[in-house]
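Here's the structure we're looking at; comments come further down.
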Amino acid sequence: MSVEQKFQILEKLGEGAYSIVYKVKRKKDKQIYALKKVNLEKLSEKEIENALNEVRILASLKSTNIISYKEAFIDQKDNNLCIIMEYCDDGDLLQKIMENQKNGSFFQEEDIWNIFIQVVKALEILHQLKILHRDMKSANIFLNKDKTIKLGDLNVAKIKKKGFLHTQTGTPYYASPEVWKDEPYDEKSDIWSLGCVLYEMASSHPPFRAQDLNGLFKKVTSGVYGKIPSFYSNDLQFILKQLLQVLKENLVPQESFWLPKIQNLRFSSLDVVQGNNKNNEEDIIQKKKVHQHSMSVGKKLKVLQTPQKQNINTYPQKSKHIVNLNLMANIQESYQKKYRKTFE
1 MSVEQKFQIL EKLGEGAYSI VYKVKRKKDK QIYALKKVNL EKLSEKEIEN ALNEVRILAS
61 LKSTNIISYK EAFIDQKDNN LCIIMEYCDD GDLLQKIMEN QKNGSFFQEE DIWNIFIQVV
121 KALEILHQLK ILHRDMKSAN IFLNKDKTIK LGDLNVAKIK KKGFLHTQTG TPYYASPEVW
181 KDEPYDEKSD IWSLGCVLYE MASSHPPFRA QDLNGLFKKV TSGVYGKIPS FYSNDLQFIL
241 KQLLQVLKEN LVPQESFWLP KIQNLRFSSL DVVQGNNKNN EEDIIQKKKV HQHSMSVGKK
301 LKVLQTPQKQ NINTYPQKSK HIVNLNLMAN IQESYQKKYR KTFE
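First residue of the sequence shown? That's 1 in UniProt numbering, and the numbers climb one at a time after it.
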């Protein structure tokens, strides 16, 4: 099967290190989707596993606030992995933040809460299933014109079978102190990254900025960041302070902690997204289905799977901070080139 047989490519939406995302129209019913094409020939075994991982997790989830999966196949023309996903018609959050920065404008606080609440709900679903997103950032939060928010890009998400994870991943500006220090981490690392996103929405730039990685390391691990504009409420400042706790034992990871507090805020227009604190039927999923779907998708794409015994969570244990900085350098370089003014 090739993409051209089933879909018409309308435009390119974005490009990553080894993938391109297109807006496409399915020929048989004119439905609009997002197509992610992953160039397998350029990938290492670990990167192939990450690409497959996104398919497995997306196929296992059904949630109002997580990008939905439609299908996956190998394009016979170019041997690319093609992932068909839900299309969001209003871009991503980073684009909106960049527009604000360019225009010298800010989000209305009502809009910040609307986005934040829905992202919290998406994280709550993942964390209930012991899935860590591990790359929570504004570029991975997608918007719709009807104000529904979708969390996406799960290619480095990982199911936490027990205890803590050790693999360093994610984008440096949003990475938690534990990740920077090569320490074990859990769901609280996603919560820290969520705090960075909340700050970025309020200030149009990340909470921690520096000219180089050593400087960024010092700022993140100290947890010192500037104040958000004073016209935002004490409620917003309070939640932000709770999210960006350097000492992880002080950080409350359960998303069920945040929603009741936010529901007491004065913004009545948020009722449409607050709903009940319990997940609705569409968002409820049995944990065993994650494994079942993973096995099913894995069998369909088994030609791409890496050997089961491969340990993809191990990095050389040299000087702790130097290893960490080197691993982050390549990610930061490409990210900062595109959005340099935001991060300096």
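Glycine included, every Cβ here is placed at the ideal spot set by N, Cα and C.
From a predicted model like this one, the values you see are computed outputs, not experimental measurements.
Looking only at its own chain, which residues have a Cβ that is under 6 Å from the Cβ of K300, when we skip the five neighbours before and after it? Taking the first residue of the sequence shown as 1, we reach residue 300 at position 300. Its pLDDT being 45, under 50, K300 is placed unreliably in this model, and the value from its coordinates should be taken loosely. Hits under 6 Å: none found.
With a threshold of 16 other CB atoms inside 10 Å of the CB of E54, please say whether the residue is buried or exposed. Position 54 of the sequence shown holds residue 54. That one is buried.
Cα-Cα separation between I9 and Y18, rounded to whole angstroms: Counting from one through the sequence shown, the residue named residue 9 turns up at place 9. Counting from one through the sequence shown, the residue named residue 18 turns up at place 18. Rounded to the nearest angstrom, the two C-alpha atoms are 19 Å apart.
Nearest to R26 (by Cα), restricted to the options L58, Y87 and N65: The residue labelled residue 26 in the question sits at position 26 within the sequence shown. Per the Cα distances, Y87.
Smallest Cα separation from K30: which of M136, F73, N50 and F7? Here residue 30 refers to the residue found at position 30 when the sequence shown is read from its first residue. Here the closest residue by C-alpha is F7.
Let me know the secondary structure DSSP gives F231 once reduced to three states. Counting from 1 along the sequence shown, the entry for residue 231 is found at position 231. Three-state DSSP puts F231 in coil, outside helix and strand.
Rounded C-alpha distance that separates Y232 from M201: Position 232 of the sequence shown, counted from the first residue, corresponds to residue 232. Position 201 of the sequence shown, counted from the first residue, corresponds to residue 201. Taking the straight line joining both Cα atoms gives about 11 Å.
Assign N214 to one of two classes, buried (16 or more other C-beta atoms within 10 Å of its C-beta) or exposed (fewer than that). In the sequence shown, the residue the question calls residue 214 occupies position 214. Exposed, by the Cβ-count rule.
Whole-angstrom distance between Y174 and residue 351, CA atom to CA atom: In this structure the chain extends from 1 to 344, so residue 351 is not present and cannot be described.
When the distance is taken between beta carbons, is N50 closer than 9 Å to A122? Along the sequence shown, one-based indexing puts residue 122 at 122. Along the sequence shown, one-based indexing puts residue 50 at 50. No, they are not a contact pair.
Quick check on G16: buried or exposed, where buried means 16 or more other Cβ atoms within 10 Å of its Cβ? The residue you call residue 16 lines up with position 16 of the sequence shown. When all chains shown are included, G16 counts as exposed.
Compute the Euclidean distance between the alpha carbons of L46 and D92, then round it to the nearest angstrom. Along the sequence shown, read from residue 1 onward, the residue named residue 46 stands at position 46. Along the sequence shown, read from residue 1 onward, the residue named residue 92 stands at position 92. Here residue 46 is Lys; the residue named in the question, Leu, does not match the sequence. Straight-line Cα distance between these residues: approximately 27 Å.
Strand pairing of C82, partner residues [DSSP]: Working through the sequence shown from its first residue, we reach residue 82 at position 82. According to DSSP, which records beta bridges pairwise, C82 is partnered with K37 and F73.
Quick one: is N80 buried, meaning 16 or more other Cβ sit within 10 Å of its Cβ, or exposed? As a first step, residue 80 must be located in the sequence shown, where it is residue number 80. With 16 or more other Cβ atoms within 10 Å, it is buried.
Taking 8 Å as the threshold, find out whether the segment 91-105 comes into contact with the segment 130-144 through three or more Cβ pairs. yes
Which value, in whole angstroms, describes the spacing of the CA atoms of L154 and L216? Position 154 of the sequence shown holds residue 154. Position 216 of the sequence shown holds residue 216. C-alpha separation (whole angstroms): 25 Å.
Under 9 Å between C-beta atoms of I48 and Y69: Indexing the sequence shown from 1 puts residue 48 at position 48. Indexing the sequence shown from 1 puts residue 69 at position 69. No, Cβ-Cβ distance for I48 and Y69 is not below 9 Å.
Using a threshold of 9 Å, state whether the C-beta atoms of Q245 and G223 are closer than that. Here residue 245 refers to the residue found at position 245 when the sequence shown is read from its first residue. Here residue 223 refers to the residue found at position 223 when the sequence shown is read from its first residue. Closer than 9 Å, so yes.
Sheet register partners of E15 (DSSP bridge): As a first step, residue 15 is located in the sequence shown; it is residue number 15 there, counting from the start. For E15, which the question treats as bridged, DSSP gives the partners I20.
Would you decide whether residue 351 is buried or exposed? Buried here means 16 or more other CB atoms lie within 10 Å of its CB. The shown model of the chain, from 1 to 344, leaves out residue 351, and the question about it has no answer.
Going straight from the alpha carbon of I32 to that of K219, what length do you get? Residue numbering aside, residue 32 sits at position 32 when the sequence shown is read from its first letter. Residue numbering aside, residue 219 sits at position 219 when the sequence shown is read from its first letter. One C-alpha to the other measures close to 42 Å.
With burial defined as no fewer than 16 other Cβ atoms inside 10 Å of the residue's Cβ, what is the status of N114: buried or exposed? Sequence index remark: in the sequence shown, residue 114 carries index 114 (1-based). N114 should be labelled buried.
Compute the beta-carbon to beta-carbon distance between I67 and L151, rounded to the nearest angstrom, for a pair I have assumed lies under 8 Å. Numbered from 1 along the sequence shown, position 67 holds the residue referred to as residue 67. Numbered from 1 along the sequence shown, position 151 holds the residue referred to as residue 151. Right, their Cβ atoms sit about 7 Å apart.
Per-residue burial, residue 353 [other beta carbons within 10 Å of its own, 16 or more giving buried]: Any answer about residue 353 is impossible in this case: the structure gives the chain only from 1 up to 344.
Using 9 Å as the threshold, is the C-beta distance between Y199 and L132 below it? Looking up residue 199 in the sequence shown gives position 199. Looking up residue 132 in the sequence shown gives position 132. No, the pair does not count as a contact, with Cβ atoms beyond the cut-off.
With DSSP as the reference, label F238 as helix, strand or coil. Walking along the sequence shown from the start, residue 238 turns up at place 238. The answer is helix: DSSP assigns F238 an H, G or I state.
Is the Cβ-Cβ distance between L126 and L61 less than 9 Å? The sequence position of residue 126 within the sequence shown is 126, counting from 1. The sequence position of residue 61 within the sequence shown is 61, counting from 1. For L126 and L61, yes; Cβs fall inside 9 Å.
Any idea which residues DSSP pairs F7 with across the strands? Within the sequence shown, the letter at position 7 stands for residue 7. Paired residues: R26.
Run through the DSSP bridge pairs and tell me what D92 is partnered with. Indexing the sequence shown from 1 puts residue 92 at position 92. Note: D92 sits in a beta bridge opposite F142.
If you scan the segment 177-226 from start to end, which runs of the alpha helix (DSSP H) of 4 or more residues do you find wholly inside it? 177-180, 187-203 and 213-222
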